[in-house]
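Q: A single structure is presented below for examination.
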Amino acid sequence: MKELLEKLFTKENYQPLTVGEIFEELKLSPDDWEELHLTLAQMVENHDLFLSKKKDRFLIPQQVGIFKGTISIKHEDFGFIISEGLDDVYVSHFNFGNAIDRDEVLFQIKDYGKFPHQDFRQEAKVLKIIKRHLTDVVGELKWKKEQFFIYVNHPQIARLNIVDNEILSLCQVGDIVRVHITDYLSSPKQARIVERLGFKNDIGIDIIQIASNFNFSLEFTKATEAYLTTINQDFSKEIAKRPLPSLERIITIDGEDAKDLDDAVAVKKLANGNFLLGVYIADVSYFVAKDSPLDEEALFRGTSVYLVNRVIPMLPPLLSNNLCSLNPGQSKLVLACEMEINDQGQVVNQTLFPSVIKTVHRMTYTNVNLMLDYDKETLSNYQDIAADIMVMKELATVLNKMRVKRGALDFNIEEGKIIVDDQGKPLRVELESRGQSERIIEEFMLIANETVASTIYHLDLPFIYRVHEKPNVQKLEAFKKLSRSLGYQAFKKQINAKQLQLFLQNLPEQDQFLRTYLLRSMAKAVYSEQNSGHFGLASPCYTHFTAPIRRYPDLLVHRLLRKYLFDQDVKAAELFALSSQIAEIAKQSSKRERDAIDCEYEVNDMKKAEYMEDYLGERYNGIISSVTKFGVFVSLPNTIEGLVHMKNLRGRYVYDPETVSLIGSSGHRLRLGDEVVVEVIGASKIKREIDFKIVYNEHKVMPSGKKSNRRAQQKGRP
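Numbered per the working numbering, the sequence shown spans residues 500 to 1217.
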């Protein structure tokens, strides 16, 4: 019923209708009357529909100028509201209402033209909080004026008063605690202590604190721990039942520190010139029973989170590092995806089946890269697989050419790696290297995911897909204007994937910041029960199959493969309910993925700021990577980014949205991509902020617009 209504309400010419008119429009039977009433009431309650003043007609959000979205507040003065189908809308702190970062809100849009805020033509005003995101928060227990309170490192919640002292007796001043907010409207807000996480000086407590704010915990629930004791760790009988793989020399290729080895690969060249690729994925679903406490907690976590020097796993170490990890020389249960691939990168034959493997080597990206560079010692150490590694490289090249020909986008954005000591203190920040071996594994996982998705899609059965919508036309137009203002004429009237691909391929090194800017113009990939293709990969059908130890959707895919293909347990009566379950899991998994990404960003920002606290007064070369109404962000070569606030600029500047630049009263501009020299004037681990000031701007000195080759003297790393 809801799908029928959504189709009606999304029609371009929809006019407000009564319930009777909707009944007639949809040509429903009398038996549908009650369900129609209930569904409409639910949509009104969820703010997907609104009632007219007389409460007799149903209006869609656009007709009342009220929308539903999520508010993102990263600065105390302003934020943005993200709403499906709309560009992100600016909101001043005057219009926050009582909203807190990531709350789901109802909001109204006011159109101001170009003024008064110069940089944002539309502004939002929060009307109502639909759902609070922040119910629990982490802070430090303090004592002042004969009273305990919680200090929270949050731009909107500095202090919380304690209203329940039950756990307080187990805590001391300086403890880091998780609290549940009980009253949002009082000032200060009120909360009760839920859990003690540790002491403020404990090693790693800073990371645990941020993770806990996103509901990621190192500790598993008591119910999960109890369930682990019931898992049969002797699966020799299951091993005996399973067919062996077609390939023999199976290896894992991972980072040096990885313990959750959930994918293994093998390859050989066939007599007909084709390749046989085997991708073998840990059979986590064998150990994690559906709806068990372990399964419920895995769904809640949604994903493993990788935070600098530690992992918060989706599954307990007994599974992630032991039973399911494809350690060398040990018989392990897997789901196998074996594919015959021709020289055009097309899968001409495939088989999916439960199997058992014993990997011959635990390879690292480093030693495989050495082999591909013909390092004699490494080749000698792994003589038995040296030829296979070369075939892997050949096949990966074929697969990559196929994807490029198809129109896949490769943003290849440089990422920073934070190196810390055993106390968790950052020692350096460096660019993360990515060699041929990383690309080989990426290509193999992509083709396996695509093969699995395509197999189930053609069976027309409920499934979970990884989808990436086409980019918003307005955002692409804005990017086209920006790129033209910087001298690029790469785009025609209608921007397509091929144009974007060529743009990325031909982008010179000094303008790499545009990769990030273009990526921000793209839609975000999400999980869905509906297959709408993957724009970024130029794939008509895609899923996640290859990482069930660290992603819940992959675990679900394994269960569905077993149900549909191996057990052939498909009952028509179950399919509707199953599709609804998958839709809910997709929604939850997408949310937890976003939480994990935000958590990783916050931890990285904190550690980078902590690192830069030792470099106050130092000067570095950088590039303006973002321009806002309150200043410019400057990125250093190792990915550290700091803000040059408007107040730290000489003269008065205003923001010009057409050219994405700041224009000074003297006519001088600060533009995206400008090379500048900055001095570190502030860094705060607590605030997770780095502040720069511009010492030397090349566009100011070189009025012709040419980039200067002068470089600042680098006094210290960063």
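We treat Cβ as the ideally placed atom computed from N, Cα and C, and that holds for glycine.
Which residue's Cα is closest to the Cα of GLU665: ASN512, GLY673, ILE692?
A: The sequence position of residue 665 within the sequence shown is 166, counting from 1. Among ASN512, GLY673, ILE692, the Cα nearest to that of GLU665 is on ILE692.
Q: Could you say if the stretch 1130–1140 and the stretch 1175–1189 meet the contact criterion of at least three C-beta pairs nearer than 8 Å?
A: Yes: the two stretches touch, three or more of their Cβ pairs being nearer than 8 Å.
Q: Just to confirm the assignment, what range does the alpha helix (DSSP H) spanning SER1020 have?
A: For the purposes of this step, residue 1020 is identified with residue 521 of the sequence shown, where counting begins at 1. Looking at the DSSP string, the run of the alpha helix (DSSP H) that includes SER1020 is 1012–1020.
Q: Do you know offhand how far LEU926's Cα is from HIS1043's?
A: In the sequence shown, counting from the first residue as 1, residue 926 sits at position 427. In the sequence shown, counting from the first residue as 1, residue 1043 sits at position 544. Those two C-alpha atoms are separated by around 35 Å.
Q: Run through the stretch 1137–1187 for me and flag every whole alpha helix (DSSP H) of 4 or more residues, listed as ranges in chain order.
A: Counting only runs of 4 or more, we get nothing.
Q: For ASN995, which option in GLU524, THR950, LYS969 has the closest C-alpha, if you only look at C-alpha atoms?
A: Along the sequence shown, read from residue 1 onward, the residue named residue 995 stands at position 496. Checked all of GLU524, THR950, LYS969; the closest Cα to ASN995 is LYS969.
Q: Alpha carbon to alpha carbon, how far is PHE852 from GLY638?
A: Here the question's residue 852 lines up with position 353 in the sequence shown. Here the question's residue 638 lines up with position 139 in the sequence shown. Whole-angstrom Cα-Cα distance: 49 Å.
Q: Use the C-beta contact count for PRO1057: other C-beta atoms within 10 angstroms, 16 or more gives buried, fewer gives exposed.
A: In the sequence shown, residue 1057 corresponds to position 558, counting from 1. The sequence shown places His at residue 1057, not Pro. With 16 or more Cβ atoms within 10 Å of its Cβ, HIS1057 is classed as buried.
Q: Taking only three categories from DSSP, how would you classify GLU968?
A: Stepping through the sequence shown from its first residue, residue 968 is reached at position 469. GLU968 falls in the coil class under three-state DSSP.
Q: Less than 6 Å between C-beta atoms, sequence neighbours within five positions excluded: which residues of the same chain meet that for MET500?
A: In the sequence shown, residue 500 corresponds to position 1, counting from 1. Cβ neighbours of MET500 beyond the five flanking positions: GLU534, THR538.
Q: Are the beta-carbon atoms of ILE1084 and TYR1026 separated by less than 9 Å?
A: One-based indexing of the sequence shown puts residue 1084 at position 585. One-based indexing of the sequence shown puts residue 1026 at position 527. In contact: ILE1084 and TYR1026 (Cβ atoms closer than 9 Å).
Q: Please state the DSSP three-state secondary structure of MET1269.
A: The structure shown does not extend to residue 1269, since the chain is modelled only from 500 through 1217, so no value can be given for it.
Q: Between which two residues does the beta strand (DSSP E) containing ILE917 stretch?
A: Translated into the one-based positions of the sequence shown, residue 917 becomes position 418. Here the beta strand (DSSP E) through ILE917 covers 915–919.
Q: Would you mind reading off the limits of the alpha helix (DSSP H) that contains ASN1005?
A: Position 506 of the sequence shown, counted from the first residue, corresponds to residue 1005. Where ASN1005 is concerned, there is no enclosing alpha helix (DSSP H), given that its DSSP letter is neither H nor E.
Q: Buried or exposed: where does PHE1221 fall if 16 or more other Cβ atoms within 10 Å of its Cβ makes it buried?
A: Residue coverage of the chain in this structure runs from 500 to 1217, which leaves residue 1221 outside it and unanswerable.
Q: Keeping to the same chain, check which residues put their C-beta closer than 8 Å to that of GLN843; ignore five residues upstream and five downstream.
A: Counted from its first residue, the sequence shown places residue 843 at position 344. VAL897, MET901.
Q: Kindly indicate which three-state DSSP category HIS536 falls into: helix, strand or coil?
A: For the purposes of this step, residue 536 is taken as the residue at position 37 of the sequence shown. Helix.
Q: Once DSSP output is grouped into helix, strand and coil, what is the label at HIS679?
A: By 1-based counting over the sequence shown, the position of residue 679 is 180. It is a strand residue.
Q: Between LEU793, ASN880, ASN773, VAL678, which lies nearest to ASN841 when the distance is taken from Cα to Cα?
A: Numbered from its first residue, the sequence shown carries residue 841 at position 342. With distances taken between Cα atoms, ASN841 lies closest to ASN773.
Q: Count Cβ pairs between the stretch 1029–1044 and the stretch 973–986 that sit closer than 8 Å; are there 3 or more?
A: No, because fewer than three Cβ pairs between the stretch 1029–1044 and the stretch 973–986 fall closer than 8 Å, the two stretches do not touch.
Q: To the nearest angstrom, report how far apart THR509 and GLN1087 are at their CA atoms.
A: Numbered from its first residue, the sequence shown carries residue 509 at position 10. Numbered from its first residue, the sequence shown carries residue 1087 at position 588. Straight-line Cα distance between these residues: approximately 25 Å.
Q: Mind checking who GLU929 pairs with in its DSSP beta bridge?
A: Working through the sequence shown from its first residue, we reach residue 929 at position 430. BP columns for GLU929 point to LYS916.
Q: Please state whether DSSP places ALA885 in a helix, a strand or coil.
A: On the sequence shown, position 386 is the one that residue 885 refers to. ALA885: helix per DSSP, three-state reduction.
Q: Whole alpha helix (DSSP H) runs in the stretch 840–889 with 4 or more residues, listed along the chain?
A: Whole alpha helix (DSSP H) segments, 4+ residues: 864–871, 875–880.
Q: Which stretch, first to last residue, makes up the beta strand (DSSP E) that contains TYR650?
A: One-based indexing of the sequence shown puts residue 650 at position 151. Residues 646–650.
Q: Is it buried or exposed, PRO961, if we count other Cβ atoms within 10 angstroms and call 16 or more buried?
A: Numbered from its first residue, the sequence shown carries residue 961 at position 462. PRO961 should be labelled buried.
Q: Suppose you measure from the CA of GLY915 to the CA of VAL651; what does that come to, to the nearest Å?
A: Within the sequence shown, the letter at position 416 stands for residue 915. Within the sequence shown, the letter at position 152 stands for residue 651. Between GLY915 and VAL651, the C-alpha separation is close to 28 Å.
Q: By Cβ distance below 6 Å, which residues in the same chain neighbour SER1125 in space, the five residues on each side in sequence not counted?
A: If you number the sequence shown from 1, residue 1125 lands on position 626. The answer, listed in chain order, is PHE1132.
Q: Might you give, ordered along the chain, the residues of its own chain that have their beta carbon closer than 7 Å to the beta carbon of PHE786, omitting 5 neighbours on each side?
A: One-based indexing of the sequence shown puts residue 786 at position 287. Excluding residues within five positions, the ones whose Cβ falls inside 7 Å are ILE730, LEU818, LEU822, CYS823.
Q: Quick one: what's got a C-beta closer than 7 Å to GLU724's C-beta in the same chain, skipping five residues either side?
A: The residue you call residue 724 lines up with position 225 of the sequence shown. Answer for GLU724: no residue qualifies.
Q: Contact between the stretch 861–879 and the stretch 794–811: three or more CB pairs below 8 Å?
A: Flag = no, the stretch 861–879 and the stretch 794–811 do not touch.
Q: Could you tell me whether the Cβ atoms of ASN714 and ASP1094 are closer together than 9 Å?
A: Numbered from 1 along the sequence shown, position 215 holds the residue referred to as residue 714. Numbered from 1 along the sequence shown, position 595 holds the residue referred to as residue 1094. In this structure, ASP1094 lies closer than 9 Å to ASN714 by Cβ.
Q: Per the contact definition of three or more C-beta pairs closer than 8 Å, is the stretch 824–833 in contact with the stretch 927–934?
A: With the cut-off at 8 Å, the stretch 927–934 and the stretch 824–833 do not touch.
Q: Check whether the Cβ atoms of ALA835 and ILE918 sit closer than 9 Å, and answer yes or no.
A: Position 336 of the sequence shown holds residue 835. Position 419 of the sequence shown holds residue 918. The answer is no: Cβ separation not under 9 Å.
Q: Evaluate the contact criterion for the stretch 936–948 versus the stretch 1066–1081: three or more CB pairs, one atom per stretch, below 8 Å.
A: Verdict: no, contact absent.
Q: Could you pull out every residue in the same chain whose Cβ sits closer than 7 Å to the Cβ of GLN514, ignoring the five residues on either side in sequence?
A: As a working mapping, residue 514 is identified with position 15 in the sequence shown. So no residue of the chain qualifies.
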